[in-house]
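Numbering of the sequence shown is given in our numbering, commencing with residue 599 and proceeding in unit increments.
Structure first, commentary second.
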Amino acid sequence: MIYYIWLVLSLILSLYGTTVYWPDYTLDHEFILFNDFATVVIFTPSLFILNSIILQGAFFLTHNLLKISLPLAAYIASAVLFYKITADLWPSGMVIVMIFLGSLVALLHLIISVGICRRG
């Protein structure tokens, strides 16, 4: 039961972080530095955690996540999506570092989720 609460809470927070803090670099945006900070601290982890939650949902539907193809394809898809969103905003080296850090946060979320699932 705790695992499902964890997943729903993670899903709600990551959807909120992804939709509300979507990078918006228009000319009428007054706080560009805050936008960079929100993209790094909120949007990037939210997007990769959302990917982790989608993978866990795929596991519940198929019960066969042991194959490497589904997680690898989903990870590559989320990394390419993040790169497409931020490619014209930041230098490529910074985007690659952000993909790496977002992947670490998503991996930490997945480890916590597996621990809660096995415990409860």
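Even for Gly, the Cβ is constructed at its ideal location relative to N, Cα and C.
Is any heavy atom of the ligand GDP found at a distance shorter than 6 Å from the C-beta of residue i?
| i | result |
| --- | --- |
| phenylalanine 680 | Annotation note on the ligand GDP: not contained in the displayed structure, which lists no ligands. |
Where does residue i fall in DSSP's three states?
| i | result |
| --- | --- |
| histidine 627 | coil |
| alanine 656 | helix |
| tryptophan 688 | coil |
| methionine 696 | helix |
| proline 669 | helix |
Can you tell me which of the options puts its alpha carbon nearest to the alpha carbon of residue i?
| i | options | result |
| --- | --- | --- |
| leucine 670 | Ile683, Ile652 and Ala636 | Ile652 |
| alanine 704 | Leu687, Tyr673 and Trp688 | Tyr673 |
| leucine 708 | Phe658, Gln654 and Ile640 | Gln654 |
| isoleucine 683 | Met599, Tyr602, Val638 and Ser612 | Val638 |
| alanine 675 | Ala636, Ser650 and Pro689 | Ser650 |
| serine 711 | Phe657, Trp620 and Met692 | Phe657 |
| tyrosine 619 | Leu625, Glu628, Phe635 and Arg717 | Phe635 |
| glycine 700 | His627, Phe632, Thr616 and Ile603 | Thr616 |
| serine 612 | Tyr602, Ile640, Ile694 and Leu625 | Ile640 |
Give me, in chain order, the residues of the same chain whose beta-carbon lies closer than 8 Å to that of residue i; leave out the 5 immediate sequence neighbours on both sides.
| i | result |
| --- | --- |
| leucine 706 | none |
| isoleucine 630 | Tyr623 |
Might you give, ordered along the chain, the residues of its own chain that have their beta carbon closer than 6 Å to the beta carbon of residue i, omitting 5 neighbours on each side?
| i | result |
| --- | --- |
| methionine 696 | Thr642 |
Looking only at its chain, what residues have a beta carbon closer than 7 Å to the beta carbon of residue i, apart from the 5 residues adjacent to it on each side?
| i | result |
| --- | --- |
| leucine 687 | Pro621 and Tyr623 |
Worksheet item: Should the segment 639–649 be regarded as contacting the segment 677–696, the criterion being three or more beta carbon pairs within less than 8 Å?
Response: yes
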